[in-house]
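Chains as they are written, first to last, in our numbering: chain A, 49 to 461; chain B, 49 to 461.
Number of protein chains: 2
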Amino acid sequence: MVPSPSPSARTATRPAFARWMGTTNQVTRTFLSAGAIPGLINLGGGLPDPKIFPTGRLAEFARRAVAEHPGEALGYGPIEGLAPLRDAIARRFSSAALPLTRANVLVTTSGMQGLDLIGKVLLDEGGLIAGQFPTYLGALDAWRPRAPSFRNLVLDAPGFDPQEALAGAQFAYAVPNFSNPTGRLVDLATRRALVAAAHRTGTWLVEDDPYGTLHYDGATLPRLIELSAQAAPGEPYAGPVIYMGTLSKEIAPGLRVGWIVAAPEMIEALTLAKQGSDLCTSGVTQRVALAAIETGLVDEIQPALVALYRSRRDALCAALATHLCDWFDWEVPVGGMFVWALARDPALDTDALLPHALAAGICYSPSSVFDATGANRRGMRLNFTLNPPERLDEGMRRLATAVAACRGGRQVA
Amino acid sequence: MVPSPSPSARTATRPAFARWMGTTNQVTRTFLSAGAIPGLINLGGGLPDPKIFPTGRLAEFARRAVAEHPGEALGYGPIEGLAPLRDAIARRFSSAALPLTRANVLVTTSGMQGLDLIGKVLLDEGGLIAGQFPTYLGALDAWRPRAPSFRNLVLDAPGFDPQEALAGAQFAYAVPNFSNPTGRLVDLATRRALVAAAHRTGTWLVEDDPYGTLHYDGATLPRLIELSAQAAPGEPYAGPVIYMGTLSKEIAPGLRVGWIVAAPEMIEALTLAKQGSDLCTSGVTQRVALAAIETGLVDEIQPALVALYRSRRDALCAALATHLCDWFDWEVPVGGMFVWALARDPALDTDALLPHALAAGICYSPSSVFDATGANRRGMRLNFTLNPPERLDEGMRRLATAVAACRGGRQVA
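Take a look at the structure:
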């Protein structure tokens, strides 16, 4: 303790914040403050269109949650979640090969809490994570306080060796369905190889699946946990895959209800961690989530939601083609919420471009925030779910203006 | 990575759980599993009586939260919490000396999340906490993953020196109103001394106040944050006190809505931490909380709640006097939810007594769980808010039976 040099007792020097607080990314802060810019077209987040919220039915579910289940809704609930909700989630992800029970299910206060809890139970300070690269920003945020090191897995790189990739990690992390940020679908052969490597090396494998139902073209692929169960089909699940989901993209993020499906020993460990994080998830929101699943509402709204988002994906890709095809390359994603665009010119730095973009009234997520080192500066993630086609087109027009300003600025400087 | 010795790929050895997972307390697990015992009288928790929940009005608030504020209730909200709720909390704790704004307020997903976030922003691995002793179990749970060391502060010990007590700690922690577990009210002189020491040593001072409104006898005392503000009255608050509250005891724990009031720099740090914990608190439950505060419901129900709990405190103390005065000493608490009983015989170990108590159909929280070292074995925390007088009396009768069995068992062995 350094004695205070201050003349005022009130402003004495305080002990520092924890060390990890100094490691956060300036771009993230810029990005978070962008919301205050008037007229901004914000393609930076992963926000659903509020028009899809089934407000009337959810309002009635909320009333009934409290009126008909006051003990569950208003009291302290079990740390693991309400039993009927755990049962409903177990049923939803069960198959002949993968018979799940509530012992396989933890309710989480959002998918983000799931990531935090996984870090809590698996990561020692400085531990190694083998993570699909580029990596979801929120996962980096959740794990940063434990100062992990990252082994970046580029799953579609030539010669990718899953067993070498996973060996020695405290866990592996992947978003197989429409990866955040790239929107890519991990193919079946890679899925099988990842699962086999997790079994062989004995590495926990986190399968983060918030976008699984937002599938626009082509066939769905089996979940990693389903492939893992095929090693001992029909037996109670005890394998290494930790499957994570959420209602945030399927129905409404404001419920903050997600889940983890895993081996019972993992659920027990996560329960102990959740006890010290928030004791239990709100019974009000759990009851609303259960009603949304049990009444079929979640399934009912998917076709309209998929149709809406598919048309917006197409609109964003068309706008990119119109305004930015000289500067960027991109793939049309078969699902999810994002298009990942890479600058053709490696000298175009998307961190440096961001202030020009904000000045032009458009926000995106630069690739640096999806890299634990911040070094990846060539890409950007563009969200297409929140804005209607005309705004997406106007956004890409503004982005083209920003690119011109940024390039012009560099030539002048 | 040790190569798997297993004959089956499916059961390969996995990397270990994080180290702290091995440090949890077996008594806590026993205690958590007690809920399954039929007919058990459970005085182990800190549960409100569900009869006090104003179910009808909260059901209507829940419906209106979604129907009238669908964007806020169902979408992603600001990490810090909804602005009108932050404003309402700022108003509630403001005074002439302590003018608060929303910049001083973070909404948390329960008081427990507040403790977790404080650990996240202030504790490095192995850091020192100066904590009021005995210490709230949930705070130990929240901070255990960072493997802190504890300096135990016995605030009413003769010769207690607050400045020495706080120096060098990453933060100090106290529950001045009806401390969990002891139910004690920290007196005004000690409050002033703690605050002065925090200012002089430059130590963050966490004031955890879930029970402040559950006050049964005598005068209320000023909050630590109010005393801290008197160092620079009327100025925007920038002092070292981090004040925590919750609606769990005042209205309903199932909302999982709490708050932290502190200097803006601390709120910013906690916001960054919350971003990686759950992104934001549910807009549904925040809107219900706001309605409960703004309509005056929270204030309206306090008199009946205080009267009910006061009578139960009296009933528990009377039952202790009837059945256990030969074995235990206790003080009648002036507020809160608990009576703290200490064995007269230092050889009576309340960890060893617990299995006998469960066998007799009564559960309490043994003192070991309120001590980071687990060494404190002479006390027990008894909750009086959940059960009616006749159950409290029957509970103490069962506890006397358990004491006799435990003592008898020791003599026989």
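The C-beta atom is built at its ideal place from N, Cα and C for all residues, glycine as well.
It should be emphasised that the depicted structure is a prediction, and the values quoted were computed from it without experimental measurement.
CA-to-CA, the gap between B:P281 and B:E116 works out to about 39 Å. A direct Cα-Cα distance of roughly 14 Å separates B:G427 from B:L368.
For the stretch 253-281 of chain B, the set of positions with a beta-carbon nearer than 9 Å to some beta-carbon of chain A reads S276, A279, A280 in chain order.
As computed with DSSP, B:R429 is found in a beta bridge with B:W388, B:S413. In this structure, the straight-line span from the alpha carbon of A:Y357 to that of A:T433 is close to 6 Å. For the options B:G383, B:R392, B:F101, the alpha carbon positioned closest to that of B:W375 is the one of B:R392.
Under the three-state reduction of DSSP output, A:H404 falls in the helix class. Taken through DSSP and simplified to helix, strand or coil, A:V234 comes out as coil.
The shortest CA-to-CA distance from B:A389 to any of B:A407, B:I410, B:C365, B:T370 is the one to B:C365.
Legend: CB atoms of the stretch 323-335 of chain B lying less than 8 Å from CB atoms of chain A belong to residues Q323, G324, S325, D326, L327, C328, T329, S330, G331, V332, T333. Closer than 7 Å to the CB of A:A300 there is at least one CB belonging to chain B. Under DSSP, B:S197 shares a beta bridge with B:L176. Residue nearest to A:S227 within the set A:F386, A:A400, A:E442 is A:F386 (criterion: CA-CA distance). The three-state secondary structure of B:L148, taken from DSSP, is coil.
In chain order, L148, T149, R150, N152, V153 place their CB closer than 7 Å to the CB of B:A138, counting only its own chain and leaving out the 5 sequence neighbours on each side. A distance below 6 Å between beta-carbons, with the five flanking residues on each side excluded, links B:F418 to the following residues of its chain, in chain order: P182, T183, L185, P229. The C-beta distance from A:L106 to A:V336 rounds to 6 Å, short enough to fall under 8 Å. Going by beta carbons, B:V254 and B:Y221 fall inside the 7 Å limit. DSSP, reduced to helix, strand and coil, places B:H117 outside both helices and strands of the structure shown, so it counts as coil.
Interface annotation, A:Y291: not in contact with chain B, CB-CB separation never under 7 Å. Cβ neighbours of B:F101 within its own chain (closer than 7 Å, five residues either side excluded): A300. The C-beta of B:P224 has 16 or more other C-beta atoms within 10 Å across all chains shown, which makes the residue buried. Against A:V169, the close residues of chain B are F65, A66, M69, in the order they occur along the chain (beta-carbon pairs closer than 8 Å). Under the 7 Å criterion on CB atoms, A:L106 is classed as interfacial with respect to chain B. Rounded to whole angstroms, B:T251 and B:P312 show a C-alpha spacing of 16 Å.
For A:L122, the C-beta contacts it makes with chain B under 8 Å involve P98, F101, T103, L106, A300, P301, G302, L303, in order along the chain. If you draw a straight line from the Cα of A:A121 to the Cα of B:L295, it comes to about 14 Å. Less than 7 Å divides the Cβ of B:R239 from the Cβ of B:L272. Here B:S197 is exposed: its Cβ has fewer than 16 other Cβ atoms, across all protein chains shown, within 10 Å. A:G293 carries a strand assignment under DSSP once its states are collapsed to helix, strand and coil. In the DSSP assignment, B:A220 falls within the unbroken beta strand (DSSP E) covering 219-222. The alpha-carbon of B:L440 is positioned some 15 Å away from that of B:S413. Scanning chain B for C-beta atoms nearer than 8 Å to the C-beta of A:G119 yields P98, reported in chain order. At a cut-off of 7 Å between C-beta atoms, A:Q180 does not count as an interface residue with respect to chain B. For A:I308, the enclosing beta strand (DSSP E) has its first and last residue at 306-309.
In the three-state scheme derived from DSSP, where H, G and I count as helix and E and B as strand, B:I89 is classed as strand.
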